[in-house]
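J.: Numbering-wise, the sequence shown is residues 2 to 305 according to the numbering used here. Even glycine gets a Cβ: it sits at the ideal position worked out from N, Cα and C. If you scroll down you'll find the structure; I have some questions about it.
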Amino acid sequence: MKHYCSEYSLNLNEPMGGTAGHAKHFFFITWPKTKWGQKAFQDSDGDWTSQYSEWKDSQAEIHGGILTRLIQHPNQTTSEGLKIFSYPEGVLYENIPIEAVFEVLENHLKGSYKTYSPKALSSNKQLFVCTHGRHDQCCAKFGQKLFDTLRESISNTDPSIEIWESSHLGGHRFAPTVLDMPSGKMYGRVETSLINALLYEDLPIEFHRGNVFLPAWLQVVELEIRKYLKDRQLNGEIQITQEVFPTKNSFEAHFCLKEKPKVNWKLKLYQQEFGGPNSCKELSADKPRFLWVKDNIEEIRIDN
């Protein structure tokens with residue numbers, strides 16, 4: 002019987018909060034899936050992709066963290082005239098020649114639009130589903146099934162939502178994994194029965210991995226605050242009033258509802274070690290990793 006790393010992770014009750022890959026800039030570039038290697042850029046079949054890692058490292062030193070994913074529609078058969086989506090700006094570059102990819106990316110990071118100009122997206126939402134089977138078998142088995150079902154569902158419901166196959170999104174042990182843009186919400190363990198909730202951002206908290214525009218500890222803070230307030234049927238705009246690292250392995254955040262500033266809560270996190278396989282290729286290997294988890298939340302009342 003075939004086993005998968007995502008099944009091990011689920012059975013071990015490994016939490017997903019704080020596991021969304023974090024960066025300042027996100028690019029999604031159309032590139033035929035047949036050209037994706039095991040490692041999307043290092044092993045992919047294409048001149049520009051083999052140069053990407055070195056380019057990214059040099060640009061990240063100047064502009065901050067950069068994450069790029071290769072994407073495709075099922076009817077995409079050519080690598081000519083690429084599309085480049087950029088977030089958090091939510092813009093699109095179209096019909097980009099292969100030899101101009103780095104020029105477009107660099108000019109975008111500089112805010113200098115010369116030969117190629119971006120335009121606003123026509124869709125309200127883009128969902129990127131990891132189907133990168135060459136990277137991990139979970140993504141081929143579970144991700145592809147989710148993508149196919151989503152694509153069929155979208156064609157009958159809301160054409161303003163775009164569905165894309167994506168190269169590795171990170172955390173294949175949480176497959177199927179999905180990234181929602183422009184919200185930045187990353188999800189894991191998304192079964193086909195949850196499609197409607199996924200499409201309209203109504204997935205229960207336990208399927209959230211975090212927001213890619215936040216570092217890991219703040220991803221967990223956001224999710225734990227939302228869960229805490231929802232359980233108590235409290236609504237309103239959340240304001241984080243204080244952040245502190247008492248130690249390198251612990252974090253505290255004070256928060257309140259803006260309309261009730263005299264009631265604060267203190268949320269404590271700590272790092273906990275989890276084991277288990279990290280990929281389907283190493284099911285017998287126990288790979289330790291440290292994840293941010295909730296310690297407790299306590300209410301603090303401010304009298305003055």
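Return the first residue and the last residue of the alpha helix (DSSP H) that residue 275 is part of.
T.: That residue, residue 275, is in no alpha helix (DSSP H); its beta strand (DSSP E) goes 261 to 275.
J.: Three-state secondary structure (DSSP) at residue 297?
T.: If DSSP states are grouped into helix, strand and coil, residue 297 belongs with the strands.
J.: Is it buried or exposed, residue 171, if we count other Cβ atoms within 10 angstroms and call 16 or more buried?
T.: Result: buried.
J.: Please state the DSSP three-state secondary structure of residue 49.
T.: Reduced to three states, the DSSP call for residue 49 is helix.
J.: Can you list, in chain order, the residues of its chain with a C-beta nearer than 6 Å to that of residue 163? Leave out the 5 residues immediately preceding and following it.
T.: Closer than 6 Å at the Cβ level, and outside the excluded window around residue 163, lie 124, 127.
J.: Please return the same chain residues whose Cβ sits closer than 8 Å to the Cβ of residue 272, not counting the five positions on each side in sequence.
T.: Hits under 8 Å: 250, 251, 291, 292, 293, 294.
J.: If the criterion is Cβ atoms closer than 9 Å, does the pair residue 71 and residue 34 meet it?
T.: Closer than 9 Å, so yes.
J.: In terms of residue numbering, what span does the beta strand (DSSP E) encompassing residue 96 cover?
T.: 92 to 97 is the span of the beta strand (DSSP E), which, as asked, contains residue 96.
J.: Would you decide whether residue 42 is buried or exposed? Buried here means 16 or more other CB atoms lie within 10 Å of its CB.
T.: Burial call: buried.
J.: Rounded to a whole number of angstroms, what is the C-alpha to C-alpha distance between residue 4 and residue 277?
T.: In a straight line, the C-alpha of residue 4 is about 13 Å away from that of residue 277.
J.: Need the endpoints of the beta strand (DSSP E) that residue 209 sits in, please.
T.: Element bounds for residue 209: 209 to 212.
J.: Nearest to residue 312 by alpha carbon, out of 296, 288, 301?
T.: This structure leaves residue 312 out entirely; the chain is present only between 2 and 305.
J.: Per DSSP, residue 233 is paired with what?
T.: Answer is none; residue 233 lacks a bridge partner.
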